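Colleague: Residue numbers (this note's numbering), protein chains in the order written: chain A, 1051 to 1183; chain B, 1051 to 1183.
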DNA sequence: ATTTGTGTATTATATACTTAATACACCAAA
DNA sequence: TTTGGTGTATTAAGTATATAATACACAAAT
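1. Just to confirm my understanding: we take residue 1132/A, look at its own chain, exclude 5 residues before and 5 after, and list those with CB closer than 8 Å. What are they?
2. Check residue 1083/B in the structure and name its three-state DSSP category.
3. What residues of chain B sit near residue 1157/A, judged by a beta carbon separation below 7 Å?
4. Would DSSP call residue 1114/B helix, strand or coil?
5. Does residue 1182/A pass the burial test, meaning 16 or more other C-beta atoms within 10 Å, or should it be called exposed?
6. On the three-state DSSP scale, how would you describe residue 1139/A?
7. Can you tell me which of the three DSSP states residue 1164/B falls into?
8. Residues of the region 1140-1157 of chain B in Cβ contact with chain A at a cutoff of 9 Å, in chain order, please.
9. Alpha carbon to alpha carbon, how far is residue 1148/A from residue 1134/B? Give it in angstroms, no decimals.
10. Under the three-state reduction of DSSP, which class applies to residue 1058/A: helix, strand or coil?
11. By alpha-carbon positions, which one of 1118/A, 1166/A, 1067/A, 1088/A ends up nearest to residue 1143/B?
12. For residue 1139/A and residue 1120/B, I'd like the C-alpha separation in whole angstroms.
13. Cα-Cα, which of 1145/A, 1064/A, 1161/A, 1136/A is closest to residue 1107/A?
14. Would you call the region 1088-1096 of chain B in contact with the region 1111-1120 of chain B, where contact means no fewer than 3 C-beta pairs closer than 8 Å?
15. Report the residue from 1098/A, 1076/A, 1116/A whose alpha carbon sits nearest the alpha carbon of residue 1062/A.
16. Could you give the distance in angstroms between the alpha-carbon of residue 1179/B and the alpha-carbon of residue 1103/B?
17. Hey, is residue 1075/A's beta-carbon within less than 9 Å of any beta-carbon in chain B?
18. Which residues does DSSP pair with residue 1067/A in a beta bridge?
19. Give a yes or no on whether the C-beta atoms belonging to residue 1113/A and residue 1101/A are separated by under 9 Å.
20. Hey, residue 1080/B and residue 1071/A are a contact pair by Cβ (cut 8 Å); roughly how many whole angstroms apart?
21. Below 8 Å on the Cβ atoms is my contact criterion, and I expect residue 1157/A with residue 1169/B to pass it. Report the Cβ-Cβ distance as a whole number of Å.
22. Count the other C-beta atoms from every protein chain shown that fall within 10 angstroms of the C-beta of residue 1088/B, then say buried if there are 16 or more, exposed otherwise.
23. Do residue 1075/B and residue 1056/A come within 9 Å of each other at the CB atom, strictly closer than that value?
24. Please list, in chain order, the chain B residues whose beta carbon lies closer than 7 Å to that of residue 1138/A.
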């Protein structure tokens, strides 16, 4: 488990997105246990309260659920899980288009740059698992 | 002059990027006057202090210069101007790759989505000027 | 001379986020 | 029974940002 935290965005938001990414990439099974608040806080070197806030957010969004005082778990709702991936992709593409739009670069040049960067990364991670926990 | 301000990012950073985009798109001539701090603040409905902070930032980056108590102007340094465009593009592409990487979507699917969104916008803005001031 | 508009600077207040330090109910394991 | 790990909640303090309200030197226009 490792998350590159930036300073601009609230940490709890970044933690939520991290779990969404893990779910989207299929690295979490439905119903799978996730680390406790304190455990996560230790791993990410953040405050337990911040971890709690992230989990609370995820619970409200139906991404995880908590029974009794057991560690929270990934939702078993397949519909929710299926939606996460699409949501993340659309969000990323929209943000990108919004940021690149004012510059007026030909779409083909853009595609060229993306393919270049993207495949460069794929070369570096060939054969790797997605799970960097 | 219109800037869509979001709440996450500091306003002064967004203002700086706005001017960089204008420069990159060729909507500003070298040496061209830009609005005064107070004028910009009025146009964008922000605080004059925030406008001042943005201009100070731009001045430090060599994007604009100020002589006496005249309105600031876009730099005449062609090298600086030429760099802005490339910088913005690389920055946008890098941010996009970083955000989309964990999801493991095939690059061709990604390119498809981008072309779709991008050309959709181009259709809607056909014949428009870039200048939305 | 006065007014107006430049850039520039200072001080104070408000908000969002993070961290810190506890606290408590619950339950399982030793 | 005690210990330790769950989730959950509260209060306080610190930081960055934005806004508000001024202030001052300077210069051009009236």
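Ideal Cβ positions, reconstructed from N, Cα and C, are used throughout, including at glycine. Here the structure is a predicted model, which is why all the values come from computation and not from measurement.
Modeller: On the basis of the coordinates in this document:
1. Here the question's residue 1132/A lines up with position 82 in the first chain. Excluding positions up to five away in sequence, the list is empty.
2. For the purposes of this step, residue 1083/B is taken as the residue at position 33 of the second chain. Strand, per DSSP.
3. Sequence index remark: in the first chain, residue 1157/A carries index 107 (1-based). What residue 1157/A touches in chain B: 1165, 1168, 1169.
4. Counted from its first residue, the second chain places residue 1114/B at position 64. Strand at residue 1114/B.
5. Indexing the first chain from 1 puts residue 1182/A at position 132. Because residue 1182/A sits at a pLDDT of 39, beneath the cut-off of 50, its placement in the model cannot be relied upon, and the point is left open.
6. Counting from 1 along the first chain, the entry for residue 1139/A is found at position 89. Looking at residue 1139/A - three-state DSSP - the assignment turns out to be helix.
7. As a working note, residue 1164/B is residue 114 in the second chain. Correct three-state label for residue 1164/B: helix.
8. 1140, 1141, 1142, 1143, 1144, 1145, 1146, 1147, 1148, 1149, 1150, 1151, 1152, 1153, 1154, 1155, 1157
9. Taking the second chain and counting its residues from 1, the one referred to as residue 1134/B is at position 84. Taking the first chain and counting its residues from 1, the one referred to as residue 1148/A is at position 98. The straight-line gap from Cα to Cα measures roughly 17 Å.
10. On the first chain, residue 1058/A is found 8 positions in, with the first residue counted as 1. Coil at residue 1058/A, not helix or strand.
11. Indexing the second chain from 1 puts residue 1143/B at position 93. The shortest Cα separation from residue 1143/B among 1118/A, 1166/A, 1067/A, 1088/A belongs to 1166/A.
12. The residue you call residue 1139/A lines up with position 89 of the first chain. The residue you call residue 1120/B lines up with position 70 of the second chain. Taking the straight line joining both Cα atoms gives about 47 Å.
13. Your numbering for residue 1107/A matches position 57 in the first chain. Closest option to residue 1107/A, Cα to Cα, is 1064/A.
14. no
15. Locating residue 1062/A in the first chain gives position 12, counting from the first residue. Per the Cα distances, 1098/A.
16. For this step, residue 1179/B is matched to residue 129 along the second chain. For this step, residue 1103/B is matched to residue 53 along the second chain. Confidence at residue 1179/B is low in this model, with a pLDDT of 46, below 50, so the placement of that residue is unreliable and no value is reported for it.
17. Numbered from its first residue, the first chain carries residue 1075/A at position 25. For residue 1075/A, the answer is yes, since a Cβ of chain B falls inside 9 Å of its Cβ.
18. Numbered from its first residue, the first chain carries residue 1067/A at position 17. DSSP output for residue 1067/A lists no bridge partner at all.
19. Counting from one through the first chain, the residue named residue 1113/A turns up at place 63. Counting from one through the first chain, the residue named residue 1101/A turns up at place 51. For residue 1113/A and residue 1101/A, no; Cβs fall outside 9 Å.
20. Stepping through the second chain from its first residue, residue 1080/B is reached at position 30. Stepping through the first chain from its first residue, residue 1071/A is reached at position 21. Contact flag wrong, Cβ pair sits at about 43 Å.
21. Residue mapping note: residue 1157/A aligns to position 107 of the first chain, counting from 1. Residue mapping note: residue 1169/B aligns to position 119 of the second chain, counting from 1. That belief holds up - the Cβ atoms of residue 1157/A and residue 1169/B are roughly 6 Å apart, short of 8 Å.
22. Numbered from 1 along the second chain, position 38 holds the residue referred to as residue 1088/B. With fewer than 16 other Cβ atoms within 10 Å, it is exposed.
23. Taking the first residue of the first chain as 1, we reach residue 1056/A at position 6. Taking the first residue of the second chain as 1, we reach residue 1075/B at position 25. No, Cβ-Cβ distance for residue 1056/A and residue 1075/B is not below 9 Å.
24. As a working mapping, residue 1138/A is identified with position 88 in the first chain. Under the 7 Å cutoff, chain B gives 1153.
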